[in-house]
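If you count by my numbering, then the sequence shown holds residues 302 to 533, one letter each, in order. All remarks here apply to the structure that follows.
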Amino acid sequence: KEKVEITKEQQALMKIITDAYNRHQIPQDVAKKLLQDQYSAEENFLLLTEMATSQVQVLVEFTKNIPGFLSLDREDQIALLKGSAVEAMFLRSAQVFSRKMPSGHTEVLEERIRKSGISEEFITPMFNFYKSIGELHMVQEEQALLTTVTILTPDRPYVKDQQAVERLQETMLDVLRKLCVLQHPQEPQYFARLLGRLTELRTLSHYHTEMLVSWRMNDHKFTPLLCEIWDV
Ligand SMILES: CC(C)NC(=O)n1c(-c2ccccc2)cc2c1CN(S(=O)(=O)c1cccs1)CC2
302 KEKVEITKEQ QALMKIITDA YNRHQIPQDV AKKLLQDQYS AEENFLLLTE
352 MATSQVQVLV EFTKNIPGFL SLDREDQIAL LKGSAVEAMF LRSAQVFSRK
402 MPSGHTEVLE ERIRKSGISE EFITPMFNFY KSIGELHMVQ EEQALLTTVT
452 ILTPDRPYVK DQQAVERLQE TMLDVLRKLC VLQHPQEPQY FARLLGRLTE
502 LRTLSHYHTE MLVSWRMNDH KFTPLLCEIW DV
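Here you go:
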């Protein structure tokens, strides 16, 4: 049985990423708003717009703390952000959704999201994803590293130096793999299950593109930042 050991450098890398991930949280007041009194579909939509916009700002700040990210080609940095924004949003949503909340809050949150103008065909896969992430009971280091691995996906559109991104992603994958073995010794397939979620994320981001089309049809407005990052 191979002895898995996280090196000093990997420990330091994990600390930088996890601290950054925890530091850049969605403002609690925005998340709390979703739990306040009765909302109309229109107001639920506006709240999700506000949360998603704030999450994009959080994402940009977070990526600046990924060691090596700022050394990448500037245009590639933008391509990685745009390419991963939707997936990072779904991942963050799943983590917010599966977080321990006071009793009844999760149900209210689910209700608000269901009543926000998103068509049923996207609601089901979205909540299935939230639950499948919740079942993994990821520790915060795993959450931070999984988001980092998602951002550092080399084959996003318009990435020029894919090798440079691949090298960075492999560094993160190695730490994540070791962490999974150490955190879940009774489940040798845990790391593989985590990476399987990234495949599910890609499918969700295709749904998202269609969600946007249906919202546009009903004349829903997005913020300039969301329009820019989603190319709408
Ligand atoms: C935590 C933040 C990042 N999550 C968030 O904003 N959510 C959440 C969500 C999930 C669990 C807990 C709390 C919130 C569900 C949905 C969104 C946003 N999207 S969206 O970006 O397509 C959007 C549609 C219209 C305007 S913005 C729609 C679905």
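All residues carry an ideal CB built from backbone N, CA and C; glycine is no exception.
- Taking the Cβ atoms as the reference, Y508 lies roughly 5 Å from F423, within the contact range of under 8 Å.
- The beta carbon of L373 is closer than 8 Å to those of L381, D462, A465, V466 and L469 in its chain, skipping five residues each way along the sequence.
- Secondary structure note for Y431: its alpha helix (DSSP H) is the uninterrupted segment E421 to G435.
- The alpha carbon of H325 has as its nearest neighbour, out of Y340, K365, E344 and K304, the alpha carbon of K365.
- Linking I307 to H438 through their CA atoms gives a straight-line distance of about 21 Å.
- Distances between the C-beta of S394 and the heavy atoms of ligand 1 include at least one below 7 Å.
- Non-local C-beta neighbours of L526 in its own chain, meaning closer than 6 Å and more than five positions away in sequence, comprise T354 and V357, ordered along the chain.
- Counting of Cβ neighbours within 10 angstroms places I317 among the exposed residues, the total staying below 16.
- The alpha-carbon separation between I414 and T472 amounts to approximately 36 Å.
- For the 8 Å CB-CB criterion, E388 and L502 form a contact.
- Between S394 and R498, the C-beta spacing is not below 8 Å.
- Look at M402: its beta carbon is at least 7 Å from all of the heavy atoms in ligand 1.
- A distance below 6 Å between beta-carbons, with the five flanking residues on each side excluded, links S420 to the following residues of its chain, in chain order: S515.
- Taken atom to atom, the span from the alpha-carbon of V482 to that of G369 is near 25 Å.
- The shortest C-alpha to C-alpha distance from L314 to any of L477, L336, E488 and F391 is the one to L477.
- With a contact defined as Cβ atoms closer than 8 Å, S399 and N345 miss out at about 20 Å.
- With a 10 Å radius around the Cβ and a threshold of 16 neighbouring Cβ atoms, T504 comes out exposed.
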